[in-house]
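Protein sequence lines correspond, in order, to chains A and B.
Just so we're aligned: the first sequence equals residues 1 to 294 in this note's numbering.
Just so we're aligned: the second sequence equals residues 1001 to 1173 in this note's numbering.
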Amino acid sequence: MYDIKAMYEASSVADAVKLRQQHPEAVILAGGSDVLIKIREGKLAGREMISIYGLDELRGVHLEEDGTLVIGSLTSFSHITADPLIQEHIGVLGEAVDMVGGPQIRAIGTIGGNTCNGVTSADSASTLFAWDAQIELTGPDGVRILPIAQFYLGAGKTDIRPGEIQTSIRIPKKSYEGYKGFYIKYGMRRAMEIATTGCSVNVKLSDDKKTLEDLRIGFGVAAPVPIRAVKTEEKFRKAALSADLADQIGEAVLEDVTPRDSWRASKDLRLHLCQTLAKDAFCEAVKRSGGELA
Amino acid sequence: MSNRQFKMVTCTINGKERTAMVDVRASLTDMLRNDYSLTSVKKGCEVGECGACAVIIDGECFNSCIYMAIWADGKNITTLEGLTGPKGELSDLQQAFVDETAIQCGFCTPGFILEAETILQKGKIYTDDELRKLLSGHLCRCTGYDNILRAVRKTMYRRQGLPIPPEEDGEER
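Here you go:
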């Protein structure tokens, strides 16, 4: 039995919005793999809950006419990994969320919950940052879409306004077309683990595979929220592929990241990881794109 | 509690349609154990880490301790009791767990067997490393996992009608 003050079950997105307005103090319950544990720990004990788990309209992946890939916020990690559209267009997201927790956690955990809880270690977040994902929120005044980087306001804090729920994650065609990516999660054990640091790199090569047309580097646990290595990306966009390019990129990301000491790992280890993971993920992404770093 | 909240939950459990009035604060573990006496569903960590409470819901394995009972409405649920025959005969997978000594205290066993059942129902042959990953959401403090892996592997080959190959040399772990 959970210590819950009251449970409101939403029957539709519109109903969820209404419940959010009627019960502004209530916690949104999606898959529950974070919220229910926080109730057990006492942090969210005795609160009202709005359960949106039953909203099947928020499950599944589809392509819009303009090629935008839309992932319903309640789509579970296991379903994202198994989805043919994800595998075809942004396979690295399926690989990244296949590293969350263990199999049963991936069956219940949702991509919406993983982003809405605002934690920097979320395995989906660094990859969604690397894909320039957009967050769709539905509220009393309709739908609002914003870039994922603006959605994160601070550690554990996201821009979900009163009356709103997150309804989908959108990846525009221009963000994924021609790009290949790779995600590396560094953890102390292989399952049921939170990333010590994670890095997701996307690259787009020129037609002759000699030049880096574009590069996007997303990090988890390299700062209080997931981040992009903006300075590094700027510096190496249009760079020619060369043998020491990966090393240079690894060096450069140290200017972008600001990890801290925590009980999980020291700042020094995380800095080392940022450098190494960026370098390794970049090499793999180039390989997947058919390029050579000779 | 003065104003307790209840919901009527109807679902299929081990092939039979069942209905119960459940407290909205109950987990699925609570409902299966208290309302239906299905005590193979173990209360372990109760925070979704150990896998002892795992059940199959619509073909996928979930930790019932972090699944609200009210979400079970309309779902098809299988617990370990659902794998045995009408007279309590063990399934091939359960028998393999016995034969391979994949059970010691038995607390993790229902979860492991249900997870293995969902894996084997895919009808594929997995490598040992793949099986380890697929079984990684369950903790066993007795067996050291090798016998469990052996039991699952053996049943996987048998169900495909294939000879059981010699064990792979596991990498250091």
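From the three backbone atoms N, C-alpha and C, an ideal C-beta is built for every residue, glycine too.
Residues of chain B whose Cβ lies closer than 7 Å to the Cβ of Glu9(A) are, in chain order, Ile1070. Taking one beta carbon from each stretch, the segment 69 to 81 of chain A and the segment 1077 to 1094 of chain B have fewer than 3 pairs nearer than 8 Å; the two do not touch. Here Thr232(A) carries a helix assignment [DSSP, helix/strand/coil].
In this structure Val230(A) is exposed. Its beta-carbon is surrounded by fewer than 16 other beta-carbon atoms within 10 angstroms. Between Arg1025(B) and chain A, the shortest Cβ-Cβ separation is below 7 Å. Taken through DSSP and simplified to helix, strand or coil, Tyr179(A) comes out as coil. In the three-state scheme derived from DSSP, where H, G and I count as helix and E and B as strand, Glu9(A) is classed as strand.
The alpha-carbon of Arg1150(B) is positioned some 30 Å away from that of Leu1028(B). Burial check for Trp131(A): the Cβ neighbour count within 10 Å reaches 16 or more, so the residue is buried. If you compare the alpha carbons of Thr1127(B), Leu1162(B), Asp1092(B) with that of Glu1117(B), the shortest gap goes to Asp1092(B). At a C-beta separation below 7 Å, Gln1005(B) has these neighbours in chain A: Ala6, Met7. Remark: C-beta atoms of Ala1052(B) and Phe1097(B) do not approach each other more closely than 7 Å. Of all residues in the segment 175 to 192 of chain A, only Arg190, Ala191, Met192 place a beta-carbon less than 9 Å from a beta-carbon of chain B.
Within the segment 75 to 139 of chain A, the complete alpha helix (DSSP H) segments at least 4 residues long are 77 to 82, 84 to 89, 91 to 97, 103 to 108, 111 to 116, 123 to 130, listed from N- to C-terminus.
Against chain A, the beta carbon of Ile1066(B) has neighbours under 8 Å at Gly32, Ser33, Leu36, Ile37, Ile108, listed in chain order. Within chain B, the residues placing a beta-carbon under 8 Å from that of Arg40(A) are Glu1046, Val1047, ordered along the chain.
Chain B places no beta carbon closer than 7 Å to that of Met99(A), leaving this residue out of the contacts.
Setting aside the 5 residues that flank it on each side, Leu85(A) is surrounded in the same chain by Val61, His62, Leu63, Leu69, each with a C-beta closer than 8 Å to its C-beta; the list follows chain order. If you check each beta-carbon in the segment 111 to 123 of chain A against every beta-carbon of chain B, none falls closer than 8 Å.
Annotated as distal: Ala239(A) and Gly220(A), with beta-carbon spacing of 7 Å or more. Shown in chain order are the members of the segment 1124 to 1150 of chain B whose Cβ falls below 9 Å from a Cβ of chain A: Arg1132, Lys1133, Leu1134, Leu1135, Ser1136, Gly1137, His1138, Leu1139. Straight across, the Cα-Cα distance linking Asp280(A) with Ala294(A) is about 15 Å. Counting along the chain, Phe1062(B) sits inside the beta strand (DSSP E) bounded by residues 1060 to 1063. Identification of chain A residues near Glu1060(B) by a Cβ-Cβ cut-off of 8 Å yields Ser78, Ala107, ordered along the chain. Ranked by Cα distance from Lys267(A), the first of Arg47(A), Ala223(A), Thr232(A), Ala252(A) is Ala223(A). Per DSSP, reduced to three states, the secondary structure at Leu153(A) is strand. Note on Thr167(A): 16 or more other CB atoms within 10 angstroms of its CB, so buried under the neighbour-count rule. In this structure, Tyr8(A) and His23(A) form a Cβ contact; the two beta carbons are roughly 6 Å apart against a cut-off of 8 Å. Near chain B, meaning a CB-to-CB distance below 9 Å, the residues of the segment 48 to 66 of chain A are Met49, Ser51, Tyr53, Gly54. Looking at Gly1048(B), Met1008(B), Gln1104(B), Ile1056(B), the one whose alpha-carbon comes closest to that of Asp1035(B) is Met1008(B). Close partners of Glu1115(B) in chain A (Cβ separation under 9 Å): Pro103, Gln104.
Close to Gly1051(B), with beta-carbon spacing below 8 Å, are these residues of chain A in chain order: Gly102, Gln104. Not a single C-beta of chain A is nearer than 7 Å to the C-beta of Asn1034(B). For Leu1080(B) and Glu1046(B), the gap between their C-alpha atoms comes out near 18 Å. For Ile1070(B), the closest C-alpha among the options Gly118(A), Gly142(A), Thr127(A), Leu29(A) is that of Leu29(A). Listed in chain order, the beta strand (DSSP E) elements of length 3 or more contained wholly in the segment 1101 to 1136 of chain B amount to none.
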